[in-house]
Amino acid sequence: MRRTLLSALDRGAPLIAALLLLLIWEAACRLLTVPSYLLPTPSAIVQSAFQVPLSSWLDHTWATLRVSLQGYALAVLIGIPLAVALANSRLLSRALYPQLVIIQSTPIVAVAPIIVVVLGAGDAPRVVITFLITFFPIVVSTVTGLLATPPAMMELSRSLGAGRLRAVRDIQLPFAVPYIFSALRISVTLAIIGAVVAEFVAAENGLGFFIAFSTSFFKVPQAFAALVVLVSLSLALFQLVALTQRLLFPWSLPKTEP
Amino acid sequence: MSTRLEPGGERPAIRFDRVGQVFTSSDGSRVTALDEVSFTLRRHEFVAVIGPSGCGKSTLLRIIAGLVKPTHGQAEIYGLPVAGPREEVGIVFQQPTLLPWLRVRDNVTFPMKHKHGRVSATEKARAEELLEMVGLRDFAHKRPDELSGGMQQRVGIARALLHDPDILLMDEPFSALDALTRDEMSFELLRIWAERPKTVLFITHSIPEALLLADRILVMSARPGRVREIIDVGLARPRSMKTLSEPRFHDLANQIRAQVFRPEALA
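Chains A and B are the protein sequences, given in the same order.
Going by our numbering, the first sequence runs without a break in its numbering and finishes at 1407.
Going by our numbering, the second sequence runs without a break in its numbering and finishes at 1384.
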């Protein structure tokens, strides 16, 4: 009896902690009479969320999701083949690696306005900004994974006289799967950041735009509500990538779940 | 790769004629891994190569496998110079080098899948037969990480035997195993070799292992890697635990130990 109670407590611990935190937040705001334009109470945030029409929420969420996924897809489609090329060619990796590091070292927030000016209106600049922010971790992690293939495995491939492409497909890429997925999980949350940054600079919808718009009218509870939606979106995408790995590549998971 | 030589009557399976291998390291200095190495292996002979670290044992194996081109001299298989990887050669590596995402049976057929893109029914049947032979019939559907180190290395051996190579190259295949498993695997290998005769080149660090397995032992010295002596083992077959206590076994072990640890060998 005691044990089941303890294990229930153990399982419920994160939820209980979160609820307690919300309660403290609510109580502190009420007791100290913090104005809602500085820090709204959780209940005020929920209330304001329902004041915004559902269609408007869906519209903004879809705009952000669309840009994130396009930028992310582009990063995956370009990043992984590029990583394969870099891992297999010393010359190419010597030539391109410095440029990749430069791109990664450039603060995307600073380049964003320039990209908007260059690419104009529409989704294009926002997709490019998202791509730039998600691309680097995918390339680096994939290269690391490809190079982590045991050398004897590659010797086996050579001793069989199988071609280079077959070695990449049958040996190197599968060996890199755990590395690729750890990058994909990080990058999918970066994709949301990229989309929001882009929306701050220039957009007429999207959750980032909605936050900027709400705060400029001191509708802080509404901005908080949008933030909650963003975090949920980010978490959902992260879990979706993790689920994809569990379903398609169960062997690539570490033996003990963290 | 497509032409598979008929093993000819008197031609040696493997012949090294004054083979030298010089590597240039990244700082430009040159390292002689092998120097004037000459020897021959008769067909279906079991030869062990023993020597200190850095004597070029692995380089020697890689030359026969066609993975490394010698800088001097010539290496031949059945009288033809080795120009690249050949079908009549199978390799067993130091680590089992299995693919963790494939089941044991698919790891055994992997060479065919990898080379030709598909596995025929005959090869699938052959894989089952090989797994039976190495005592892993009941583990065919498992993944490598569910197997012990010794079992994984058995899978590696079965995989090397899939295309029925006439020459089997083994690069310290049991060195990662514990002592008990190692002995067990040695007897296992002798049984397999008796069942399906092959020309075996077996690289090892272990003198007892070399004596237990081989017909002849190539004793090498390091830096540069040279053949110091070729020893005829001459212990009766089939060999067993009893072989380990024969006086000749100990005499030869001492003789080899003296060779390996000769002052020049340590220099």
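For each residue, glycine too, the CB sits at the ideal point set by N, CA and C.
- At the C-beta level, T1214 (chain B) and P1399 (chain A) stay beyond 7 Å of one another.
- For L1188 (chain A), no beta strand (DSSP E) segment is defined, and its DSSP state is neither H nor E.
- Listed in chain order, the positions of the segment 1231-1248 of chain B with a beta carbon within less than 7 Å of a beta carbon of chain A are H1231, K1232.
- DSSP places L1197 (chain B) within a strand segment (E or B) once states are collapsed to three.
- With a cut-off of 8 Å on Cβ pairs, the segment 1327-1344 of chain A is not in contact with the segment 1181-1198 of chain A, counting fewer than three such pairs.
- DSSP, read as helix, strand or coil, puts S1265 (chain B) in coil.
- Residue pairing by DSSP puts V1317 (chain B) in a beta bridge opposite B:F1163, B:L1285.
- Around V1292 (chain A), the same chain offers A1232, L1235, A1236 as residues with beta carbons nearer than 6 Å, after the five sequence neighbours per side are excluded.
- CA-to-CA, the gap between T1298 (chain B) and S1357 (chain B) works out to about 15 Å.
- H1231 (chain B) has its alpha-carbon roughly 60 Å from the corresponding atom of S1197 (chain A).
- In the pairwise beta carbon analysis, the segment 1234-1250 of chain B is classified as not touching the segment 1320-1340 of chain B: fewer than three pairs are separated by under 8 Å.
- For A1150 (chain B), the nearest beta carbon of chain A is not closer than 7 Å to its own beta carbon.
- Counting C-beta pairs with one atom in each stretch, the segment 1150-1169 of chain B and the segment 1341-1351 of chain B have three or more that are closer than 8 Å, which means they touch.
- For M1303 (chain A), the uninterrupted alpha helix (DSSP H) segment begins and ends at 1300-1309.
- Looking only at A:S1254, A:P1184, A:F1324, the smallest Cα-Cα distance to F1284 (chain A) is reached by A:S1254.
- Between I1252 (chain A) and G1294 (chain A), the CB-CB gap reaches or exceeds 7 Å.
- Measuring C-alpha to C-alpha distances from V1225 (chain B) to each of B:G1201, B:Q1211, B:M1250, B:E1205 identifies B:M1250 as the nearest.
- Using a CB distance below 9 Å, the part of the segment 1167-1186 of chain B facing chain A consists of R1179, A1182, G1183, L1184, ordered along the chain.
- Beyond the five residues adjoining it in sequence on each side, L1386 (chain A) comes within less than 6 Å, by CB distance, of V1337 in the same chain, given in chain order.
- Runs of the beta strand (DSSP E) lying entirely within the segment 1286-1350 of chain B, each at least 3 residues long, are 1316-1321, 1333-1338, 1343-1349 in chain order.
- Proximity of S1308 (chain A) to chain B, defined by a Cβ-Cβ separation below 7 Å, is satisfied.
- For A1327 (chain B), the closest of B:V1350, B:R1132, B:G1266 by C-alpha to C-alpha distance is B:V1350.
- Cβ-Cβ distances below 7 Å link P1262 (chain A) to V1350 in the same chain, with the five nearest sequence neighbours on each side left out; the list follows chain order.
- For T1153 (chain A), the secondary structure class from DSSP, reduced to helix, strand or coil, is helix.
- Residue environment: P1355 (chain B) is assigned as exposed (fewer than 16 neighbouring CB atoms within 10 Å of its CB, all protein chains considered).
- Going by beta carbons, A1297 (chain A) and S1306 (chain A) fall outside the 7 Å limit.
- Neighbours of R1315 (chain A) across chain B, judged by C-beta separation under 7 Å: H1231.
- Residue state for F1366 (chain A) is assigned as coil, using DSSP reduced to three classes.
- Within the segment 1252-1331 of chain A, the alpha helix (DSSP H) runs of at least 4 residues that lie entirely inside it are, in chain order, 1257-1268, 1273-1296, 1300-1309, 1313-1316.
- Beta-carbon to beta-carbon, G1252 (chain B) and E1301 (chain B) are separated by about 10 Å, too far to satisfy the 8 Å threshold.
- By the Cβ-count criterion, Q1248 (chain A) is exposed, with fewer than 16 other Cβ atoms from all chains shown falling within 10 Å of its own Cβ.
- G1190 (chain B) places its beta carbon less than 7 Å from that of G1137 (chain B).
- When 8 Å is used as the limit between beta carbons, P1403 (chain A) is near no residue of chain B, the shortest such separation being about 11 Å.
- For Q1138 (chain B), no alpha helix (DSSP H) segment is defined; the enclosing uninterrupted segment is the beta strand (DSSP E) at 1131-1141.
- P1187 (chain B) has its alpha-carbon roughly 21 Å from the corresponding atom of D1144 (chain B).
- Contact check for K1174 (chain B) and V1185 (chain B): beta-carbon distance about 13 Å, past the 8 Å limit, so the pair fails to qualify.
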